[in-house]
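Right, one structure below, let's go through it.
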Amino acid sequence: MAEAQLGYAVRTAVLTMPSSFSRFQQTRLERACAMAGLNVLRLMPEPTAVALLYAQEQQQSFNDNMGSGIEKNVLIFNAGAAFCDVAIAATAGGVSQIRALAGDSVGGYAMVQNLVNYVLKEYEPTLDEQILSRISVQLRPVAEGIMHALSTSANAVLECEIDGRKMSKNITRDEFEHVNADILKRYESLVLQCLQKAQMNVDNLDDVILVGGCSNIPAVRSLVLKACGGKQAYKGIDPLLAAVKGAAMEGAIASGITDPSGKLDLLTIQAMPHSLGFRISGDEFLPVLQKNGAIPARRDVLVTTSHDNQSEALIVVYEGESKKASENHLLGFFKVTGIPHAKKGIPLINICMDVDASDVLRVVVGVCMPDIEKPVVPLMEVRMPTIDDGHGWCAEAIQSKYGSLLDLNFLPPPKHSGTSA
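If you're matching positions, the sequence shown starts at -10 in our numbering and goes up one per residue.
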(Lines of atoms letter the chains of each structure in order from A and count residues from 1; the text may use other names and numbers.)
(Lines give C-alpha, C1' and ligand atoms only; values in the text may rest on other atoms or scores of the structure.)
Protein backbone atom coordinates (compact mmCIF):
# COMPACT_ATOMS: atom_id res chain seq x y z
CA MET A 1 0.00 0.00 0.00
CA ALA A 2 2.79 2.41 0.90
CA GLU A 3 4.63 1.72 -2.37
CA ALA A 4 1.43 2.24 -4.38
CA GLN A 5 0.80 5.53 -2.62
CA LEU A 6 4.39 6.78 -2.99
CA GLY A 7 5.02 5.45 -6.47
CA TYR A 8 8.40 3.91 -5.63
CA ALA A 9 9.84 0.92 -3.77
CA VAL A 10 10.21 1.10 0.02
CA ARG A 11 13.28 -0.61 1.44
CA THR A 12 13.56 0.84 4.97
CA ALA A 13 10.94 0.77 7.72
CA VAL A 14 10.22 1.87 11.28
CA LEU A 15 8.11 -0.73 13.06
CA THR A 16 5.79 -0.14 15.98
CA MET A 17 4.88 -2.98 18.33
CA PRO A 18 3.02 -3.63 21.58
CA SER A 19 5.11 -2.74 24.64
CA SER A 20 4.50 -6.26 25.98
CA PHE A 21 6.49 -7.83 23.12
CA SER A 22 9.48 -9.89 24.21
CA ARG A 23 12.86 -9.63 22.50
CA PHE A 24 12.08 -12.86 20.65
CA GLN A 25 8.92 -11.34 19.21
CA GLN A 26 10.91 -8.29 18.17
CA THR A 27 13.44 -10.56 16.46
CA ARG A 28 10.63 -12.30 14.57
CA LEU A 29 9.36 -8.94 13.34
CA GLU A 30 12.82 -8.05 12.06
CA ARG A 31 13.17 -11.42 10.34
CA ALA A 32 9.77 -11.06 8.67
CA CYS A 33 10.86 -7.65 7.36
CA ALA A 34 14.14 -9.09 6.09
CA MET A 35 12.22 -11.79 4.21
CA ALA A 36 10.12 -9.04 2.62
CA GLY A 37 13.26 -7.13 1.60
CA LEU A 38 12.90 -4.43 4.27
CA ASN A 39 15.65 -3.04 6.46
CA VAL A 40 14.40 -2.20 9.97
CA LEU A 41 15.61 1.26 10.90
CA ARG A 42 13.91 1.34 14.30
CA LEU A 43 11.66 -0.79 16.49
CA MET A 44 9.55 1.20 18.93
CA PRO A 45 6.59 0.49 21.24
CA GLU A 46 3.38 2.03 19.89
CA PRO A 47 2.87 4.33 22.92
CA THR A 48 6.37 5.71 22.32
CA ALA A 49 5.43 6.60 18.75
CA VAL A 50 2.29 8.35 20.01
CA ALA A 51 4.34 10.22 22.63
CA LEU A 52 6.69 11.45 19.89
CA LEU A 53 3.76 12.80 17.88
CA TYR A 54 2.34 14.48 21.00
CA ALA A 55 5.72 16.08 21.77
CA GLN A 56 5.89 17.46 18.22
CA GLU A 57 2.40 18.95 18.50
CA GLN A 58 3.21 20.53 21.87
CA GLN A 59 6.47 21.97 20.54
CA GLN A 60 4.70 23.39 17.49
CA SER A 61 2.04 24.96 19.71
CA PHE A 62 4.66 26.63 21.88
CA ASN A 63 6.58 27.88 18.83
CA ASP A 64 3.42 29.33 17.28
CA ASN A 65 2.69 31.19 20.51
CA MET A 66 6.31 32.33 20.96
CA GLY A 67 6.42 30.44 24.24
CA SER A 68 8.89 28.13 25.94
CA GLY A 69 8.34 24.42 26.35
CA ILE A 70 6.98 23.64 29.80
CA GLU A 71 6.87 20.02 30.91
CA LYS A 72 3.56 18.24 30.38
CA ASN A 73 2.64 14.78 31.60
CA VAL A 74 0.48 12.64 29.35
CA LEU A 75 -1.06 9.20 29.78
CA ILE A 76 -1.36 7.23 26.54
CA PHE A 77 -3.87 4.39 26.37
CA ASN A 78 -3.56 2.26 23.24
CA ALA A 79 -5.91 -0.69 22.74
CA GLY A 80 -5.86 -2.65 19.49
CA ALA A 81 -7.05 -6.01 18.22
CA ALA A 82 -4.80 -8.22 20.34
CA PHE A 83 -3.07 -5.99 22.87
CA CYS A 84 -3.41 -3.05 25.23
CA ASP A 85 -0.60 -0.65 26.11
CA VAL A 86 -0.50 2.15 28.65
CA ALA A 87 2.34 4.64 28.90
CA ILE A 88 3.06 7.80 30.84
CA ALA A 89 5.37 10.30 29.19
CA ALA A 90 6.79 13.65 30.22
CA THR A 91 7.33 16.08 27.33
CA ALA A 92 9.08 19.43 27.18
CA GLY A 93 10.79 21.32 24.36
CA GLY A 94 10.48 18.45 21.89
CA VAL A 95 11.91 15.90 24.33
CA SER A 96 9.63 13.05 25.34
CA GLN A 97 10.63 10.68 28.14
CA ILE A 98 8.66 7.52 28.83
CA ARG A 99 8.22 7.31 32.61
CA ALA A 100 6.37 3.99 32.76
CA LEU A 101 4.99 1.27 30.49
CA ALA A 102 2.36 -1.40 31.11
CA GLY A 103 0.94 -3.87 28.63
CA ASP A 104 -1.28 -6.91 28.22
CA SER A 105 -1.97 -9.22 25.28
CA VAL A 106 -5.74 -8.71 25.23
CA GLY A 107 -7.79 -6.55 22.89
CA GLY A 108 -10.71 -6.37 20.51
CA TYR A 109 -10.20 -9.91 19.21
CA ALA A 110 -10.91 -11.34 22.67
CA MET A 111 -13.93 -9.05 23.07
CA VAL A 112 -15.43 -10.31 19.82
CA GLN A 113 -14.81 -13.92 20.84
CA ASN A 114 -16.55 -13.32 24.18
CA LEU A 115 -19.54 -11.96 22.28
CA VAL A 116 -19.56 -14.99 19.97
CA ASN A 117 -19.49 -17.34 22.97
CA TYR A 118 -22.36 -15.41 24.54
CA VAL A 119 -24.50 -15.69 21.41
CA LEU A 120 -23.77 -19.41 20.99
CA LYS A 121 -24.50 -20.26 24.62
CA GLU A 122 -28.17 -21.00 23.92
CA TYR A 123 -27.20 -23.37 21.08
CA GLU A 124 -24.67 -25.41 23.09
CA PRO A 125 -27.16 -28.05 24.37
CA THR A 126 -28.36 -28.92 20.85
CA LEU A 127 -25.14 -28.87 18.80
CA ASP A 128 -22.00 -30.96 19.02
CA GLU A 129 -18.60 -29.39 19.64
CA GLN A 130 -17.36 -29.64 16.04
CA ILE A 131 -20.39 -27.81 14.63
CA LEU A 132 -20.19 -25.15 17.35
CA SER A 133 -16.53 -24.58 16.53
CA ARG A 134 -17.32 -24.11 12.82
CA ILE A 135 -20.23 -21.76 13.54
CA SER A 136 -18.04 -19.79 15.94
CA VAL A 137 -15.54 -19.04 13.16
CA GLN A 138 -18.29 -18.00 10.73
CA LEU A 139 -20.00 -15.84 13.35
CA ARG A 140 -16.91 -13.78 14.18
CA PRO A 141 -17.25 -11.18 11.36
CA VAL A 142 -20.91 -10.65 12.28
CA ALA A 143 -20.05 -10.24 15.98
CA GLU A 144 -17.31 -7.77 15.09
CA GLY A 145 -19.87 -5.68 13.23
CA ILE A 146 -22.12 -5.76 16.31
CA MET A 147 -19.24 -4.56 18.49
CA HIS A 148 -18.67 -1.61 16.14
CA ALA A 149 -22.40 -0.81 16.07
CA LEU A 150 -22.59 -0.80 19.87
CA SER A 151 -19.94 1.92 19.98
CA THR A 152 -22.52 4.36 18.64
CA SER A 153 -25.85 2.70 19.53
CA ALA A 154 -27.32 1.35 22.76
CA ASN A 155 -28.35 -1.89 21.05
CA ALA A 156 -27.87 -3.80 17.80
CA VAL A 157 -29.58 -6.77 16.17
CA LEU A 158 -27.47 -9.75 15.16
CA GLU A 159 -29.05 -11.42 12.16
CA CYS A 160 -27.38 -14.05 9.99
CA GLU A 161 -27.76 -17.52 8.49
CA ILE A 162 -24.98 -19.99 9.16
CA ASP A 163 -25.07 -23.66 8.13
CA GLY A 164 -28.75 -23.28 7.29
CA ARG A 165 -29.54 -21.94 10.74
CA LYS A 166 -31.11 -18.52 11.03
CA MET A 167 -29.84 -16.54 13.97
CA SER A 168 -31.47 -13.42 15.31
CA LYS A 169 -30.65 -11.79 18.62
CA ASN A 170 -30.95 -8.29 20.02
CA ILE A 171 -27.78 -7.37 21.91
CA THR A 172 -27.53 -4.35 24.17
CA ARG A 173 -24.45 -2.37 25.06
CA ASP A 174 -24.91 -3.45 28.69
CA GLU A 175 -24.77 -7.11 27.63
CA PHE A 176 -21.60 -6.50 25.63
CA GLU A 177 -19.97 -4.80 28.62
CA HIS A 178 -21.09 -7.60 30.94
CA VAL A 179 -19.55 -10.41 28.85
CA ASN A 180 -16.32 -8.39 28.63
CA ALA A 181 -16.20 -7.26 32.27
CA ASP A 182 -12.94 -9.14 32.94
CA ILE A 183 -11.18 -7.46 30.01
CA LEU A 184 -12.40 -4.03 31.11
CA LYS A 185 -11.03 -4.70 34.60
CA ARG A 186 -7.67 -5.65 33.10
CA TYR A 187 -7.63 -2.39 31.14
CA GLU A 188 -8.35 -0.40 34.28
CA SER A 189 -5.67 -2.30 36.18
CA LEU A 190 -3.08 -1.39 33.51
CA VAL A 191 -3.88 2.32 33.87
CA LEU A 192 -3.60 2.22 37.66
CA GLN A 193 -0.44 0.11 37.47
CA CYS A 194 1.19 2.57 35.07
CA LEU A 195 0.36 5.53 37.32
CA GLN A 196 1.84 3.70 40.28
CA LYS A 197 5.05 2.75 38.42
CA ALA A 198 5.49 6.36 37.29
CA GLN A 199 4.88 7.49 40.89
CA MET A 200 2.35 9.95 39.55
CA ASN A 201 -0.99 11.19 40.85
CA VAL A 202 -3.86 11.80 38.44
CA ASP A 203 -3.69 15.48 39.40
CA ASN A 204 -0.26 15.62 37.73
CA LEU A 205 -1.62 14.47 34.37
CA ASP A 206 -2.07 17.23 31.80
CA ASP A 207 -3.58 15.13 29.02
CA VAL A 208 -5.02 11.68 28.37
CA ILE A 209 -4.65 10.28 24.85
CA LEU A 210 -6.85 7.39 23.71
CA VAL A 211 -5.69 5.60 20.56
CA GLY A 212 -6.35 2.29 18.82
CA GLY A 213 -9.61 0.81 17.58
CA CYS A 214 -10.85 -0.30 21.00
CA SER A 215 -10.55 3.24 22.35
CA ASN A 216 -13.82 3.95 20.49
CA ILE A 217 -15.72 1.56 22.77
CA PRO A 218 -17.70 3.75 25.23
CA ALA A 219 -17.00 1.52 28.26
CA VAL A 220 -13.26 1.57 27.53
CA ARG A 221 -13.16 5.35 27.18
CA SER A 222 -15.23 5.80 30.31
CA LEU A 223 -13.12 3.59 32.57
CA VAL A 224 -9.82 5.08 31.37
CA LEU A 225 -10.96 8.67 31.84
CA LYS A 226 -12.50 7.82 35.21
CA ALA A 227 -9.24 6.19 36.35
CA CYS A 228 -7.47 9.40 35.27
CA GLY A 229 -9.58 11.56 37.58
CA GLY A 230 -12.38 12.33 35.15
CA LYS A 231 -10.20 14.19 32.65
CA GLN A 232 -11.36 14.78 29.08
CA ALA A 233 -9.71 12.87 26.24
CA TYR A 234 -7.13 14.80 24.21
CA LYS A 235 -8.65 15.64 20.83
CA GLY A 236 -5.58 16.79 18.90
CA ILE A 237 -4.56 13.33 17.64
CA ASP A 238 -6.34 10.92 15.28
CA PRO A 239 -6.71 7.72 17.35
CA LEU A 240 -6.29 5.43 14.32
CA LEU A 241 -3.29 7.20 12.76
CA ALA A 242 -1.34 8.34 15.82
CA ALA A 243 1.15 5.45 15.98
CA VAL A 244 1.71 5.51 12.20
CA LYS A 245 2.41 9.25 12.18
CA GLY A 246 4.75 8.91 15.15
CA ALA A 247 6.63 6.10 13.41
CA ALA A 248 6.94 8.20 10.24
CA MET A 249 8.42 11.02 12.31
CA GLU A 250 10.90 8.64 13.93
CA GLY A 251 11.87 7.41 10.46
CA ALA A 252 12.54 10.97 9.30
CA ILE A 253 14.62 11.73 12.40
CA ALA A 254 16.60 8.47 12.23
CA SER A 255 17.26 9.02 8.51
CA GLY A 256 18.83 12.40 9.22
CA ILE A 257 16.14 14.46 7.49
CA THR A 258 16.20 18.07 8.65
CA ASP A 259 13.42 20.64 8.78
CA PRO A 260 14.30 24.37 8.83
CA SER A 261 11.14 25.07 10.85
CA GLY A 262 12.36 22.80 13.64
CA LYS A 263 9.43 20.37 13.47
CA LEU A 264 11.85 17.43 13.63
CA ASP A 265 13.95 18.71 16.53
CA LEU A 266 12.61 15.88 18.64
CA LEU A 267 14.03 13.27 20.99
CA THR A 268 12.33 10.30 22.62
CA ILE A 269 13.87 8.61 25.66
CA GLN A 270 12.42 5.13 25.71
CA ALA A 271 11.80 2.97 28.77
CA MET A 272 12.76 -0.63 29.42
CA PRO A 273 9.61 -2.72 28.72
CA HIS A 274 10.89 -5.69 30.76
CA SER A 275 13.51 -6.29 33.44
CA LEU A 276 16.76 -7.92 32.26
CA GLY A 277 18.96 -10.11 34.42
CA PHE A 278 20.39 -13.58 34.90
CA ARG A 279 20.00 -16.71 36.99
CA ILE A 280 21.87 -17.25 40.24
CA SER A 281 21.82 -20.22 42.64
CA GLY A 282 18.44 -21.72 43.45
CA ASP A 283 16.74 -20.64 40.20
CA GLU A 284 16.65 -17.07 41.52
CA PHE A 285 16.36 -14.26 38.98
CA LEU A 286 18.72 -11.36 39.62
CA PRO A 287 17.44 -8.28 37.74
CA VAL A 288 20.26 -6.03 36.56
CA LEU A 289 18.31 -3.51 34.48
CA GLN A 290 14.86 -2.79 35.88
CA LYS A 291 11.61 -2.45 33.95
CA ASN A 292 10.71 1.19 33.15
CA GLY A 293 14.33 2.32 33.46
CA ALA A 294 15.49 4.80 30.81
CA ILE A 295 17.19 3.56 27.62
CA PRO A 296 20.16 3.58 27.02
CA ALA A 297 21.16 1.84 30.24
CA ARG A 298 24.20 0.09 31.65
CA ARG A 299 24.87 -1.58 34.99
CA ASP A 300 27.46 -3.88 36.53
CA VAL A 301 26.92 -6.47 39.27
CA LEU A 302 29.38 -8.75 41.05
CA VAL A 303 28.83 -12.47 41.54
CA THR A 304 31.08 -15.26 42.71
CA THR A 305 31.44 -19.03 42.57
CA SER A 306 29.12 -21.32 44.54
CA HIS A 307 31.56 -24.28 44.82
CA ASP A 308 35.20 -24.70 45.80
CA ASN A 309 37.62 -24.83 42.84
CA GLN A 310 34.85 -23.92 40.40
CA SER A 311 36.64 -23.19 37.11
CA GLU A 312 33.58 -22.49 34.95
CA ALA A 313 30.40 -20.45 35.29
CA LEU A 314 27.21 -20.49 33.24
CA ILE A 315 25.67 -17.08 32.51
CA VAL A 316 21.95 -17.61 31.78
CA VAL A 317 20.19 -14.40 30.71
CA TYR A 318 16.46 -13.84 31.18
CA GLU A 319 13.84 -11.17 30.55
CA GLY A 320 10.81 -10.78 32.81
CA GLU A 321 9.48 -9.88 36.23
CA SER A 322 9.21 -13.21 38.07
CA LYS A 323 11.54 -13.87 41.01
CA LYS A 324 12.05 -17.38 39.60
CA ALA A 325 14.36 -17.34 36.60
CA SER A 326 12.67 -20.32 34.94
CA GLU A 327 9.35 -18.42 34.82
CA ASN A 328 10.85 -15.62 32.72
CA HIS A 329 11.81 -15.50 29.02
CA LEU A 330 15.13 -17.23 28.38
CA LEU A 331 17.25 -15.02 26.09
CA GLY A 332 20.40 -17.11 25.95
CA PHE A 333 23.38 -18.44 27.86
CA PHE A 334 27.14 -18.80 27.58
CA LYS A 335 29.94 -20.33 29.61
CA VAL A 336 32.86 -18.52 31.24
CA THR A 337 35.93 -20.75 31.53
CA GLY A 338 39.39 -20.43 33.04
CA ILE A 339 38.35 -19.25 36.50
CA PRO A 340 41.36 -19.82 38.84
CA HIS A 341 40.90 -22.57 41.43
CA ALA A 342 39.96 -21.06 44.76
CA LYS A 343 37.54 -21.48 47.61
CA LYS A 344 33.96 -20.56 46.78
CA GLY A 345 33.24 -16.86 47.13
CA ILE A 346 36.80 -15.76 46.28
CA PRO A 347 36.75 -15.22 42.47
CA LEU A 348 35.01 -11.99 41.47
CA ILE A 349 32.90 -12.23 38.32
CA ASN A 350 31.72 -8.88 36.98
CA ILE A 351 28.63 -9.06 34.76
CA CYS A 352 27.70 -5.92 32.84
CA MET A 353 24.41 -5.53 30.97
CA ASP A 354 24.28 -2.78 28.38
CA VAL A 355 21.27 -1.66 26.32
CA ASP A 356 22.15 0.99 23.74
CA ALA A 357 19.92 3.66 22.20
CA SER A 358 18.81 1.18 19.53
CA ASP A 359 17.68 -1.25 22.29
CA VAL A 360 20.46 -3.75 21.51
CA LEU A 361 21.37 -5.84 24.57
CA ARG A 362 24.98 -6.85 25.19
CA VAL A 363 26.35 -8.79 28.14
CA VAL A 364 30.02 -8.31 29.09
CA VAL A 365 31.71 -10.60 31.63
CA GLY A 366 35.11 -10.34 33.29
CA VAL A 367 36.78 -12.39 36.05
CA CYS A 368 39.16 -10.99 38.67
CA MET A 369 40.90 -12.27 41.79
CA PRO A 370 41.15 -10.12 44.94
CA ASP A 371 44.97 -9.93 44.83
CA ILE A 372 45.32 -9.41 41.06
CA GLU A 373 44.51 -6.05 39.44
CA LYS A 374 44.03 -7.21 35.84
CA PRO A 375 41.26 -9.60 34.72
CA VAL A 376 42.42 -13.21 34.90
CA VAL A 377 40.04 -14.22 32.09
CA PRO A 378 39.73 -12.20 28.84
CA LEU A 379 36.56 -10.10 28.72
CA MET A 380 33.65 -11.81 26.97
CA GLU A 381 30.99 -9.77 25.14
CA VAL A 382 27.83 -11.49 23.89
CA ARG A 383 24.89 -9.92 22.09
CA MET A 384 21.47 -11.20 23.18
CA PRO A 385 19.33 -13.08 22.37
CA THR A 386 21.62 -15.93 21.36
CA ILE A 387 18.97 -18.58 20.84
CA ASP A 388 15.75 -18.96 18.86
CA ASP A 389 12.53 -19.08 20.85
CA GLY A 390 11.13 -22.60 20.69
CA HIS A 391 14.42 -24.20 19.63
CA GLY A 392 14.17 -26.71 22.47
CA TRP A 393 16.25 -25.06 25.16
CA CYS A 394 14.47 -24.34 28.41
CA ALA A 395 15.30 -24.05 32.09
CA GLU A 396 14.85 -27.82 32.58
CA ALA A 397 17.16 -28.65 29.68
CA ILE A 398 19.89 -26.33 30.96
CA GLN A 399 19.56 -27.80 34.45
CA SER A 400 19.74 -31.32 33.04
CA LYS A 401 22.86 -30.57 30.98
CA TYR A 402 24.83 -28.43 33.44
CA GLY A 403 23.29 -29.09 36.86
CA SER A 404 24.15 -26.66 39.66
CA LEU A 405 27.94 -27.02 39.44
CA LEU A 406 28.23 -23.82 37.37
CA ASP A 407 25.86 -21.71 39.51
CA LEU A 408 26.75 -18.27 40.82
CA ASN A 409 26.11 -16.40 44.06
CA PHE A 410 25.29 -12.69 44.19
CA LEU A 411 27.74 -10.35 45.94
CA PRO A 412 25.79 -7.35 47.26
CA PRO A 413 27.67 -4.04 47.10
CA PRO A 414 29.31 -3.02 50.39
CA LYS A 415 27.31 -0.70 52.61
CA HIS A 416 28.97 2.64 53.26
CA SER A 417 28.30 3.91 56.76
CA GLY A 418 27.74 7.67 56.88
CA THR A 419 29.55 9.93 59.34
CA SER A 420 27.93 12.82 61.10
CA ALA A 421 29.71 16.09 61.72
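We put the CB at the ideal spot given by N, CA and C, even for glycine.
Keep in mind it's a predicted model, so treat the numbers as computed, not measured.
Buried/exposed call for residue i, threshold 16 Cβ in 10 Å
i: Ile413; result: The chain is shown from -10 up to 410; residue 413 falls before or after that span and cannot be answered.
i: Asn159; result: exposed
i: Thr5; result: buried
i: Pro276; result: buried
i: Arg123; result: exposed
i: Ile361; result: exposed
i: Ile328; result: buried
i: Tyr43; result: buried
i: Leu320; result: buried
i: Thr257; result: buried
i: Glu316; result: exposed
i: His263; result: buried
i: Leu139; result: buried
i: Asn281; result: buried
i: Val197; result: buried
i: Ala236; result: buried
i: Asp227; result: exposed
Which residues DSSP lists as bridging residue i, in chain order
i: Val305; result: Phe322
i: Asn159; result: Val146
i: Asp93; result: Cys73
i: Gly266; result: Pro276, Tyr307
i: Ser85; result: Thr80, Thr257
i: Cys357; result: Leu337
i: Lys61; result: Thr80
i: Val371; result: Val352
Of the listed residues the options, nearest to residue i (C-alpha basis)
i: Ile376; options: Lys174, Gln14, Leu(-5); result: Gln14
i: Leu400; options: Ser270, Val29, His330; result: Ser270
i: Asp345; options: Gly26, Arg31, Arg210, Ala(-2); result: Arg31
i: Leu291; options: Gly334, Asp196, Lys252, Ile340; result: Ile340
i: Ser125; options: Pro367, Asn103, Asp195; result: Asn103
i: Gln259; options: Leu18, Leu397, Thr37; result: Thr37
i: Asp93; options: Lys312, Asp343, Ala68, Asn193; result: Ala68
i: Met136; options: Met156, Asp343, Pro207, Ser393; result: Pro207
i: Phe322; options: His330, Gln299, Cys383, Asn298; result: Cys383
i: Arg210; options: Ala331, Glu177, Ser50, Ile338; result: Glu177
i: Pro364; options: Glu385, Leu337, Glu370, Val349; result: Leu337
i: Val105; options: Asp343, Cys183, Gln188, Glu164; result: Glu164
i: Ala222; options: Ala232, Asp195, Ile120; result: Asp195
Residue i versus residue j: straight-line alpha-carbon distance, rounded
i: Gly381; j: Cys22; result: Low confidence applies to Gly381: its pLDDT is 49, below 50, so where it sits in the model is not reliable, and the reading given next is rough at best. About 25 Å.
i: Gly379; j: Val168; result: Bear in mind that the predicted position of Gly379 carries a pLDDT of just 48, short of 50, making it unreliable; the figure below should be weighed with that in mind. Using only the alpha carbons, I get a separation of about 34 Å.
i: Leu128; j: Glu111; result: 14 Å
i: Gln47; j: Thr16; result: 33 Å
i: Arg154; j: Glu118; result: 16 Å
i: Ala410; j: Ala241; result: Reliability fails at Ala410, whose pLDDT of 40 lies under 50, so the model's placement of it is uncertain and the value that follows must be treated cautiously. Computed Cα separation, rounded: 55 Å.
i: Leu27; j: Ala(-9); result: 13 Å
i: Tyr391; j: Pro374; result: 20 Å
i: Gln(-6); j: Arg0; result: 14 Å
i: Lys61; j: Met358; result: 50 Å
i: Glu113; j: Lys215; result: 37 Å
i: Gly355; j: Pro285; result: 21 Å
i: Val353; j: Val366; result: 12 Å
i: Ser8; j: Leu90; result: 7 Å
i: Gln388; j: Glu308; result: 18 Å
i: Gly218; j: Gln185; result: 14 Å
i: Ala(-2); j: Leu173; result: 42 Å
i: Lys64; j: Gln188; result: Lys is not the amino acid found at residue 64; the sequence shown has Leu there. If you take the alpha carbons of Leu64 and Gln188, they lie about 13 Å apart.
i: Cys149; j: Ala99; result: 21 Å
i: Gly202; j: Met238; result: 21 Å
i: Glu273; j: Ala314; result: 5 Å
beta-carbon residue i near the ligand FAD non-hydrogen atom, thresh 7 Å
i: Glu113; result: Of the ligands one can find in the structure shown there are none, so the ligand FAD has no counterpart to examine.
*What are the uninterrupted segments assigned as beta strand (DSSP E) that are 3 or more residues long and contained completely in the stretch 175 to 263, given in chain order?*
Every unbroken stretch of the beta strand (DSSP E) spanning 3 or more residues and falling wholly within the stretch 175 to 263 is given here in chain order: 196 to 200, 256 to 258.
*Any chance you could list the beta strand (DSSP E) runs of at least 3 consecutive residues sitting entirely within the stretch 2 to 49, in chain order?*
28 to 34
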